[in-house]
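Listed in order, the protein sequences are those of chains A and B. Under our numbering, the residues of the first sequence are numbered 11 to 319, in order. Under our numbering, the residues of the second sequence are numbered 68 to 463, in order. Beta carbons are placed, not taken as given, at the ideal position from N, Cα and C, and that holds for glycine. This structure is a prediction, so every number in the text was calculated from the model and none was measured. Working notes for the structure below.
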Amino acid sequence: MTSVQLEVLLQTLISGLLLGGLYALIGIGMTLIMGVMKIINLAHGELMMVGMYVAFVLFSSFHIDPYLSVLVAVPVLFILGVLLQKFLINPVLKVEAIIPENQVILTVGIGMVLANVATIIFTSDYKSTPVDYATKAWYLSDIWKESPIELSLSMPWSVSFLLALIITALLWFFLTKTDMGKSIRATAQDKDAALLMGVNVERLRVFTFGLGSALVGAAGCLLLPIYYLYPDLGGQFTLIAFVITILGGLGSTVGAIIGGIILGIFESLTSTYAGMGWAPVGRFVIFVAALIFFPGGIVSILKRKRFGK
Amino acid sequence: MKRLTLIVLMSFVLSLCAANLFAADTFDLVIPLPLTGKQAKFGEMMKRSYEIAAEEINAKGGIKKTKLVLSFEDSGAKPETARAIVEKLIDTKKQPIIVGEYTSACAKAVAAVAEERKTPYLIVASADDDITRQNYKYVFRQNQVNAHYADSVIDFIQKVVKPKTVAILFESSNFGTSGADAMEKDALKIGMKVVLKEKYEAGSVDFKPLLSKVKAAQPDVIYMVSYVMDASLLMKQIKELRIDAKLFAGGAAGFAIPEFIDNAKDAAEYAITATLWTPQVKFPGAKEYADKYKKKFGDFPSYHGASAYSALYVTKDALERAKDWTPDGIRAAMKATNLATAFGQVKFEDKEGYQNQNFADTFVLQVIKGEHETVWPEKYASKKYVYPMPSWRERR
């Protein structure tokens, strides 16, 4: 392998990893909701879009950095999620229906409403937050002068990646160390048993939907400095989150992190070695492969190993 | 009581007649264009430009003393919507001429409808070559075709840069593909080797894998055919990876509008782009139009606006010469057009396999100190081009 080929490979892996970190944060909210409520929330991408518009408004009217607006977007999205669950999804859950999955259909409707409301308020123009550090990057040759290859690490991408890691770590801490978190995991594992143990499942569902929305809202804020924004952007990210949820294993946070990073790296590798037009194809090849070869997702493989010993 | 009803009814009928009489003094032109959706920026600029032109025309007495009344229909850059709008305009409103639309996909759909219903259609800013290559009799195109978009860029490259290799990146759409194919042909003609030709999905987040492949191929020129947001993301990520080609060139569209510089900021510096018009050209009325637009809306318009502005004058000219205002009468007049406009001399020719196509000069813009400047052909230049440009490392 020549040094040029090595450079291309390493640079591809770096961007894949950074992209994967963001994907993981986008997917984690969906998998959390999936685990507790056993429904796929197809308004996930639209909730992210709402988070991005929160950051955009703060940037354009008060010059607040998109990264700082995570602190505002998270509570806003949490409240939005809580309201959606309490007044729209919970009532539907109680109704006997011909199709058992009509909450899923409801989320599609919620997504459409959110996208159209955003179109009415902000028009469907592209918006972006041109921050000063948008193209800042660190270079290997600046640190190590004789380096035979040149690698670059984008500053906003790295910051987004790090913040995504921190948020995920906080979530993990919350789920494993606090009472509330433990109840969420208990409900995800066995709803009836949790109910018998005195967990208020109804309230927990409301809380989880809020938490899932808040997480994807945070992901939106982290994406904004490196991307741009328009009301219809939700759909493509709902799909990505969906693929990650299936790949990682339904309801598993660890699975979502690993799934996100695998997806990011796989997409980057297909872009480099098969052509960028093939990246979406690669995404769905992974999706189908996950369904056929390990239907329980990555987490099922991890579990099998552990029990095997 | 009966009598009262009768009076009311009569007066209603009379007022309807009166409205019809008044209507005879106006010429209603409904223009389909994208006012929402991804292409709304371009649609908005064109709408403003049509309005400026209509205002001027009406101030000077209208078309044959008939007031020109414009209205707009939003197609959202969706071909099926554009088609439905135009079917309605021709079938129920009996509008004898269609002007407008922006994306090639929409223009293609509209052209098919217009041809089928034998109504002249004037294309304003859609570049896909095929549209005027289908032996359509009723479809006229005022803007240059994609195959010639890059003529001046090629000329600039050949005379100034003298490169050996080129990498072509393009979005997977009608416009992107035809632009890239045209560039590939031109490159062969001037002996430039195409080391990489790759498409991407519009709206991608991360171009870096693709760009690191470009970097490894070390092309002298990177040529990109993109709409606006992809164009600025591409330049930003090129800067991030410090890809030092001798020249970054864009194929009009996304690279030629002010939003490109607003979004890409310093990463846009020194990038050149093909364009069909600049505010600095010396066509009659061009400067007046550009100044008027800037005064009203704060920014100079790009070729999309200028073409829309001039299209209304072309329409006026054809209507004035037409022996009657029927689709066929207007078509015959349109065919004989030879008019000096702010967009240059407009005449519709049949050559190189195109029909009713206006062949206009193209220009090269370069971003210099955060502004689009005309740099080529030299006789139109507003500033001297910057070449060679500093490497990314030197820029800071």
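Supposed contact pair residue j and residue i - C-beta distance, whole angstroms, cut 8 Å
{"i": "VAL381 of chain B", "j": "VAL413 of chain B", "result": "5 Å"}
{"i": "ARG150 of chain B", "j": "VAL177 of chain B", "result": "7 Å"}
{"i": "ALA174 of chain A", "j": "MET58 of chain A", "result": "At roughly 13 Å, the Cβ-Cβ gap does not stay under 8 Å, so ALA174 of chain A and MET58 of chain A are not in contact."}
{"i": "GLY129 of chain B", "j": "LEU135 of chain B", "result": "6 Å"}
{"i": "LEU273 of chain A", "j": "VAL253 of chain A", "result": "6 Å"}
{"i": "ALA407 of chain B", "j": "PRO368 of chain B", "result": "The pair is not a contact, with the Cβ atoms about 19 Å apart (cut-off 8 Å)."}
{"i": "ILE198 of chain B", "j": "LYS226 of chain B", "result": "Going by Cβ atoms, the distance from ILE198 of chain B to LYS226 of chain B rounds to 31 Å, so no, they are not a contact pair."}
{"i": "ILE305 of chain B", "j": "LEU278 of chain B", "result": "6 Å"}
{"i": "ARG115 of chain B", "j": "PHE364 of chain B", "result": "6 Å"}
Cβ-heavy atom distance, residue i to the ligand SAH, below 6 Å
{"i": "ASN423 of chain B", "result": "In the structure on display, the ligand SAH does not appear, and there are no ligands present to speak of."}
Residue i: contacting residues in chain A (beta-carbon distance under 8 Å)
{"i": "LYS303 of chain B", "result": "ALA144, THR145"}
{"i": "ALA312 of chain B", "result": "Under the 8 Å cutoff, chain A gives no residues; its nearest Cβ is about 15 Å from ALA312 of chain B."}
{"i": "ALA283 of chain B", "result": "VAL14, GLN15, GLU17, VAL18"}
{"i": "SER138 of chain B", "result": "Within chain A, no residue comes near SER138 of chain B; the closest Cβ sits about 19 Å away, beyond 8 Å."}
Neighbour-count burial assignment, residue i, 16 or more Cβ in a 10 Å radius
{"i": "ALA194 of chain B", "result": "buried"}
{"i": "GLU387 of chain B", "result": "exposed"}
{"i": "ASN87 of chain B", "result": "No answer about ASN87 of chain B holds up, because its pLDDT of 49 lies below 50 and its placement is not dependable."}
{"i": "PRO455 of chain B", "result": "exposed"}
{"i": "ILE221 of chain B", "result": "buried"}
{"i": "GLU212 of chain A", "result": "exposed"}
{"i": "THR188 of chain A", "result": "exposed"}
{"i": "LEU257 of chain A", "result": "buried"}
{"i": "THR282 of chain A", "result": "buried"}
{"i": "GLY30 of chain A", "result": "buried"}
{"i": "MET401 of chain B", "result": "buried"}
{"i": "SER458 of chain B", "result": "exposed"}
{"i": "ARG484 of chain B", "result": "Any property of residue 484 of chain B remains undetermined from this structure, which presents chain B solely from 68 to 463."}
{"i": "SER70 of chain A", "result": "exposed"}
{"i": "ASP297 of chain B", "result": "buried"}
{"i": "ILE24 of chain A", "result": "buried"}
{"i": "PHE430 of chain B", "result": "buried"}
{"i": "ALA90 of chain B", "result": "With a pLDDT of only 48 at ALA90 of chain B, under the threshold of 50, the placement of this residue in the model should not be trusted, and no figure is reported."}
{"i": "PHE217 of chain A", "result": "buried"}
{"i": "LEU16 of chain A", "result": "exposed"}
{"i": "PHE294 of chain A", "result": "exposed"}
{"i": "GLY318 of chain A", "result": "Confidence is the limiting factor: at GLY318 of chain A the pLDDT is only 47, short of 50, which leaves the residue's position unreliable and the question unanswerable from this model."}
{"i": "HIS54 of chain A", "result": "buried"}
{"i": "TYR370 of chain B", "result": "buried"}
Chain-ordered neighbours of residue i on chain B, where CB pairs are closer than 7 Å
{"i": "TYR238 of chain A", "result": "MET296"}
{"i": "GLY285 of chain A", "result": "GLU265"}
{"i": "PRO290 of chain A", "result": "GLU268"}
{"i": "THR248 of chain A", "result": "In chain order: nothing, as chain B lies at least about 14 Å away."}
{"i": "GLN113 of chain A", "result": "Those within 7 Å of GLN113 of chain A in chain B number zero; the least Cβ separation is about 29 Å."}
{"i": "SER25 of chain A", "result": "ASP273, LYS275, PRO276"}
{"i": "THR218 of chain A", "result": "By Cβ distance, chain B contributes nothing, its closest Cβ being about 28 Å from THR218 of chain A, past 7 Å."}
One or two residues paired with residue i in a DSSP bridge
{"i": "ARG115 of chain B", "result": "Paired residue(s): none; ARG115 of chain B is not in a bridge."}
{"i": "GLY365 of chain B", "result": "Beta-bridge pairing links GLY365 of chain B to no other residue."}
{"i": "ASP141 of chain B", "result": "B:LEU100"}
{"i": "TRP148 of chain A", "result": "A:LEU163"}
{"i": "GLY317 of chain B", "result": "B:MET291, B:THR340"}
{"i": "TYR267 of chain B", "result": "B:GLU238"}
Residues that residue i contacts on chain B, provided the C-beta gap is smaller than 8 Å
{"i": "LEU29 of chain A", "result": "VAL272, ASP273"}
{"i": "THR133 of chain A", "result": "THR103, ALA107"}
{"i": "PRO158 of chain A", "result": "None at all; the shortest Cβ gap to chain B is about 14 Å."}
{"i": "THR129 of chain A", "result": "THR103"}
{"i": "SER278 of chain A", "result": "ASP273, LYS275, PRO276"}
{"i": "SER162 of chain A", "result": "GLU307, LEU308, ARG309"}
Contacts that residue i makes with chain B (C-beta to C-beta distance below 9 Å)
{"i": "TYR136 of chain A", "result": "LYS105, ALA107, LYS108, VAL295, MET296, GLU326, ASN330"}
{"i": "TYR149 of chain A", "result": "ARG309, ARG460"}
{"i": "SER281 of chain A", "result": "TYR267, SER271, ASP273, PHE274, LYS275, PRO276, LEU277, LYS280"}
CB of residue i within 7 Å of CB of residue j, strictly
{"i": "VAL292 of chain B", "j": "GLY243 of chain B", "result": "yes"}
{"i": "ALA266 of chain A", "j": "ALA83 of chain A", "result": "no"}
{"i": "LEU52 of chain A", "j": "TRP167 of chain A", "result": "no"}
{"i": "VAL92 of chain A", "j": "GLY220 of chain A", "result": "yes"}
{"i": "LEU161 of chain A", "j": "LEU172 of chain A", "result": "no"}
{"i": "TYR240 of chain A", "j": "VAL272 of chain B", "result": "no"}
{"i": "THR145 of chain A", "j": "GLU461 of chain B", "result": "no"}
Contact list for residue i against chain A, beta-carbon separation under 7 Å
{"i": "LYS306 of chain B", "result": "THR145"}
{"i": "ALA334 of chain B", "result": "THR145"}
{"i": "SER239 of chain B", "result": "GLY287"}
Test: residue i CB closer than 7 Å to a CB of chain E
{"i": "THR139 of chain A", "result": "No chain E appears in this structure, whose protein chains are A and B."}
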